[in-house]
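Shown next, in structure tokens, is the structure this report addresses.
There are 2 protein chains.
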Amino acid sequence: MLLPTVFRSVQEDYHHLKAAVQLWDVACERQVEIRGPDAGRLVQMLTPRDLRGMLPGQCYYMPIVDETGGMMNDPVVVKLAEDRWWISVADSDLLFWVKGIAYGYRLDVLVDEPDVSPLAVQGPKADDVMAALFGDAVRDIRFFRFGLFDFHGRGLVIARSGYSKQGGFEIYVEGADLGMPLWNALMEAGAPHDIRAGCPNLIERIEGGLLSYGNDMDRRNTPHECGLGRFCNTQTAIGCVGRDALLRVAQEGPVRQIRAIEIAGDALPGCDRLWPLMAGEKKVGHVSSAAWSPDFGCGVAIGMVRMTHWDDGTELHVETPEGRRVARVRESFWL
Amino acid sequence: MLLPTVFRSVQEDYHHLKAAVQLWDVACERQVEIRGPDAGRLVQMLTPRDLRGMLPGQCYYMPIVDETGGMMNDPVVVKLAEDRWWISVADSDLLFWVKGIAYGYRLDVLVDEPDVSPLAVQGPKADDVMAALFGDAVRDIRFFRFGLFDFHGRGLVIARSGYSKQGGFEIYVEGADLGMPLWNALMEAGAPHDIRAGCPNLIERIEGGLLSYGNDMDRRNTPHECGLGRFCNTQTAIGCVGRDALLRVAQEGPVRQIRAIEIAGDALPGCDRLWPLMAGEKKVGHVSSAAWSPDFGCGVAIGMVRMTHWDDGTELHVETPEGRRVARVRESFWL
Numbered sequence: 001m002l003l004p005t006v007f008r009s010v011q012e013d014y015h016h017l018k019a020a021v022q023l024w025d026v027a028c029e030r031q032v033e034i035r036g037p038d039a040g041r042l043v044q045m046l047t048p049r050d051l052r053g054m055l056p057g058q059c060y061y062m063p064i065v066d067e068t069g070g071m072m073n074d075p076v077v078v079k080l081a082e083d084r085w086w087i088s089v090a091d092s093d094l095l096f097w098v099k100g101i102a103y104g105y106r107l108d109v110l111v112d113e114p115d116v117s118p119l120a121v122q123g124p125k126a127d128d129v130m131a132a133l134f135g136d137a138v139r140d141i142r143f144f145r146f147g148l149f150d151f152h153g154r155g156l157v158i159a160r161s162g163y164s165k166q167g168g169f170e171i172y173v174e175g176a177d178l179g180m181p182l183w184n185a186l187m188e189a190g191a192p193h194d195i196r197a198g199c200p201n202l203i204e205r206i207e208g209g210l211l212s213y214g215n216d217m218d219r220r221n222t223p224h225e226c227g228l229g230r231f232c233n234t235q236t237a238i239g240c241v242g243r244d245a246l247l248r249v250a251q252e253g254p255v256r257q258i259r260a261i262e263i264a265g266d267a268l269p270g271c272d273r274l275w276p277l278m279a280g281e282k283k284v285g286h287v288s289s290a291a292w293s294p295d296f297g298c299g300v301a302i303g304m305v306r307m308t309h310w311d312d313g314t315e316l317h318v319e320t321p322e323g324r325r326v327a328r329v330r331e332s333f334w335l
Numbered sequence: 336m337l338l339p340t341v342f343r344s345v346q347e348d349y350h351h352l353k354a355a356v357q358l359w360d361v362a363c364e365r366q367v368e369i370r371g372p373d374a375g376r377l378v379q380m381l382t383p384r385d386l387r388g389m390l391p392g393q394c395y396y397m398p399i400v401d402e403t404g405g406m407m408n409d410p411v412v413v414k415l416a417e418d419r420w421w422i423s424v425a426d427s428d429l430l431f432w433v434k435g436i437a438y439g440y441r442l443d444v445l446v447d448e449p450d451v452s453p454l455a456v457q458g459p460k461a462d463d464v465m466a467a468l469f470g471d472a473v474r475d476i477r478f479f480r481f482g483l484f485d486f487h488g489r490g491l492v493i494a495r496s497g498y499s500k501q502g503g504f505e506i507y508v509e510g511a512d513l514g515m516p517l518w519n520a521l522m523e524a525g526a527p528h529d530i531r532a533g534c535p536n537l538i539e540r541i542e543g544g545l546l547s548y549g550n551d552m553d554r555r556n557t558p559h560e561c562g563l564g565r566f567c568n569t570q571t572a573i574g575c576v577g578r579d580a581l582l583r584v585a586q587e588g589p590v591r592q593i594r595a596i597e598i599a600g601d602a603l604p605g606c607d608r609l610w611p612l613m614a615g616e617k618k619v620g621h622v623s624s625a626a627w628s629p630d631f632g633c634g635v636a637i638g639m640v641r642m643t644h645w646d647d648g649t650e651l652h653v654e655t656p657e658g659r660r661v662a663r664v665r666e667s668f669w670l
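As given, the protein sequences belong to chains A and V, one line each in that order. For the first sequence, the residue numbers in my numbering are 1 to 335. For the second sequence, the residue numbers in my numbering are 336 to 670.
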């Protein structure tokens, strides 16, 4: 999955995202649509999160695991109706997995990739921009809920969600032909609010502890290692793939876990591979994402740390390509 | 899947590939490994090609389809043993599909992505280069067979196969640490034969009718439309996914099919989207890959043509971004 990572500079984008509003063309993030009488059963099979209380109009962040409890993705699922769902995949591929499960269990569903392209409006001014185009009702959408709004006579699913901690919306643009008109309309509506084209921002997402699949975690990790244990209701998520393995993990607890890591010093090189986290000469984990944060005046990072060294305040070293730095384990992320 | 497409120029690479030998780093092409007592059953489920006669030591080109007979990929499968197979995926993703089917059918298999990176040695001098490094026994490997050869004390699967019509081998490099030593050893062994780093060549692959998944075909197409009907033994490939749909297709025959298309005139623009194939003002198909061939002095192309216009010699027009060209349907590809 290729996404832009920077428009002006990562730091300039970062300040702008936190102060104004950005339009992110994330159309490459595809949806897996599941339709039919067995749709609900299939979606529940895909995740250890208990979906029984989920209503149409809600979105859930939902870990998807394989039969051993290894993370296959962490998408948002959109419940359009009892028999119609979208799995909104930010990166990696899920269509074939869902089709394979549906086929293997002979479920009465249709699994496909519809012509739906997400467009994110993120930043503190997002509400104002969206209200200017869609009316004030858009302000009433609650977090991880969605509503249907009209654009050019067509209904669009608009959810209060997104891959930043600055607030905002994700618009599920159904029909590629709507893309340019909608983009232009939002740019126009956002002009008074200094709207710009943008993209997920490395610094901001680390500050907020937003994980990136394939970088911070992959199939080798359980949700519990990723700090997603609260989304695993393995006792009640009946029929979910990976239940047996995750019940065992839930009982024993993970031996390593994602942690916020504060790195001392100035600007950091790009973290394009795992950086070892060392306690003396012993490797006790790694850093998978790192950047220097202007707002916090330190290096902010996402790491995986063994339980022997994961307590708040534990002082470690991280081996960057440009040398050792002091790294401190934090209880929580910055935002 | 990102692969290099050119080193010097597409034409210069083309002439060199046909005259000498190239080393293609296609390590990004991953393997899906299937192990366990149900491995054979699972692989047969994945393809309409009858695998009953396949022996360990053989490679098969094998269409993989979904439950409606739509192409999901066309990999080479390597039978290492009765209970151990590699599916060698050039592009797109199959791991999750295979895992999904295995899970759904509760098959007794382990499905994973091993640390195996293909390295292709392609071109008329490939035998000489390989024999210099691995000994003359490598010359005895028959087409789509493989043998085990020693390198630095480790066994490597070497198959006579590859994504060109110039002959050569694919080495399944097991263990990423072997990559650089092997690359250097082959470059050294190939120096007298003018070996160069290279990649699949657009012109050469079109001349040879080698299809590219995602370009020339995708899930909308059946194998029969792709001219792969001879790999569909739907009567005997017991239990294969898509059997019902493909039996129907086999009975009725496809209404459109891949054809070699000769395009009149000089240099062609890059075919980065489908070019309509027109009979007068009626659209009867499209071209999905095209290039100008120095050796044949014409445009060579891969197209999908409706049966009303697919006979050898049918004259059509193709709408390129730089205007209409005369296009003629050919019975077969050039190589």
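Backbone N, C-alpha and C fix where the C-beta goes; we use that ideal spot for every residue, glycine too.
For residue i, return the contacting residues in chain A, with the cut-off set at a CB-CB distance below 8 Å.
i	result
MET407 of chain V	PHE96
ILE436 of chain V	GLY100, TYR103, GLY104
Could you tell me the boundaries of the alpha helix (DSSP H) in which residue i lies?
i	result
PRO181 of chain A	179–190
GLU204 of chain A	202–207
GLY40 of chain A	39–46
PHE134 of chain A	126–134
GLN346 of chain V	345–354
Indicate the three-state DSSP secondary structure (helix, strand or coil) for residue i in the structure shown.
i	result
LEU430 of chain V	helix
VAL241 of chain A	coil
LEU268 of chain A	coil
TYR609 of chain V	It should be noted that the sequence gives Leu, not Tyr, for residue 609 of chain V. LEU609 of chain V falls in the coil class under three-state DSSP.
ALA290 of chain A	strand
VAL424 of chain V	coil
ARG230 of chain A	helix
ARG336 of chain A	Lying outside 1 to 335, the shown extent of chain A, residue 336 of chain A is not represented and no answer is given.
LEU2 of chain A	coil
TYR103 of chain A	helix
ALA176 of chain A	helix
ALA362 of chain V	coil
In the DSSP assignment, find the unbroken beta strand (DSSP E) run with residue i in it and report its ends.
i	result
MET307 of chain A	Run containing MET307 of chain A: none; DSSP gives neither H nor E here.
ASN71 of chain A	Note that residue 71 of chain A corresponds to Met in the displayed sequence, not to Asn. Per DSSP, MET71 of chain A belongs to the beta strand (DSSP E) from 71–73.
LYS337 of chain A	No answer is possible for residue 337 of chain A: the residues shown for chain A start at 1 and end at 335.
PHE143 of chain A	No beta strand (DSSP E) holds PHE143 of chain A; DSSP gives it neither H nor E.
GLU657 of chain V	Neither: GLU657 of chain V is in no beta strand (DSSP E) and is coded neither H nor E.
LEU110 of chain A	110–112
VAL116 of chain A	116–122
TYR395 of chain V	394–396
ILE530 of chain V	ILE530 of chain V -> no beta strand (DSSP E), and no H or E assigned at all.
GLU560 of chain V	Looking at the DSSP string, GLU560 of chain V is not in any beta strand (DSSP E), and its letter there is neither H nor E.
GLN166 of chain A	Careful: GLN166 of chain A lies outside any beta strand (DSSP E) and carries neither H nor E.
Check the Cβ-Cβ distances between residue i and every residue of chain D, and say whether any is below 7 Å.
i	result
ASP83 of chain A	Structure shown: chain D not included; protein chains present are A and V.
Looking only at its own chain, which residues have a Cβ that is under 7 Å from the Cβ of residue i, when we skip the five neighbours before and after it?
i	result
LEU545 of chain V	TYR498
ASP218 of chain A	MET71
What residues from chain V crowd round residue i, counting only those whose CB sits closer than 7 Å?
i	result
ILE66 of chain A	The sequence as given places Asp at residue 66 of chain A; Ile does not occur at that position. Per Cβ cutoff of 7 Å: LYS434.
Chain V partners of residue i, CB-CB under 8 Å?
i	result
VAL76 of chain A	Going along chain V, no residue has its Cβ under 8 Å from VAL76 of chain A, so there is no contact; the nearest lies around 18 Å.
VAL241 of chain A	TYR438
ASP93 of chain A	ASP428, PHE431
Run through chain V and tell me which residues come within less than 9 Å of residue i, C-beta to C-beta.
i	result
VAL326 of chain A	The contacting residues do not exist; VAL326 of chain A stays about 32 Å from chain V at best.
If I measure Cβ to Cβ from residue i and keep anything under 6 Å in the same chain, skipping five residues before and after, which residues do I get?
i	result
LEU95 of chain A	VAL32, GLU113
Give me, in chain order, the residues of the same chain whose beta-carbon lies closer than 8 Å to that of residue i; leave out the 5 immediate sequence neighbours on both sides.
i	result
GLN284 of chain V	Because chain V spans 336 through 670 in this model, residue 284 of chain V falls outside it and cannot be assessed.
- request: Decide yes or no for the touch test of the region 131–147 of chain A against the region 35–46 of chain A: beta carbon pairs closer than 8 Å, at least 3 of them.
  value: no
- request: Indicate whether the contact test is met: 3 or more Cβ pairs, each with one atom in the region 89–100 of chain A and one in the region 121–137 of chain A, closer than 8 Å.
  value: no
message: With three or more C-beta pairs closer than 8 Å as the rule, is the region 180–195 of chain A touching the region 235–252 of chain A?
response: no
Any 3 or more C-beta pairs closer than 8 Å across the region 609–624 of chain V and the region 653–661 of chain V: Counting C-beta pairs with one atom in each stretch, the region 609–624 of chain V and the region 653–661 of chain V have three or more that are closer than 8 Å, which means they touch.
Given 8 Å, three or more beta-carbon pairs between the region 360–376 of chain V and the region 441–460 of chain V: yes
query: Is the region 251–264 of chain A in contact with the region 299–314 of chain A, if contact means three or more CB pairs nearer than 8 Å?
result: yes
- prompt: Is the region 606–616 of chain V touching the region 578–586 of chain V in the sense that three or more CB pairs, one from each, lie closer than 8 Å?
  reply: no
query: Quick check: the region 102–110 of chain A against the region 403–420 of chain V, are there 3 or more CB pairs under 8 Å?
result: no
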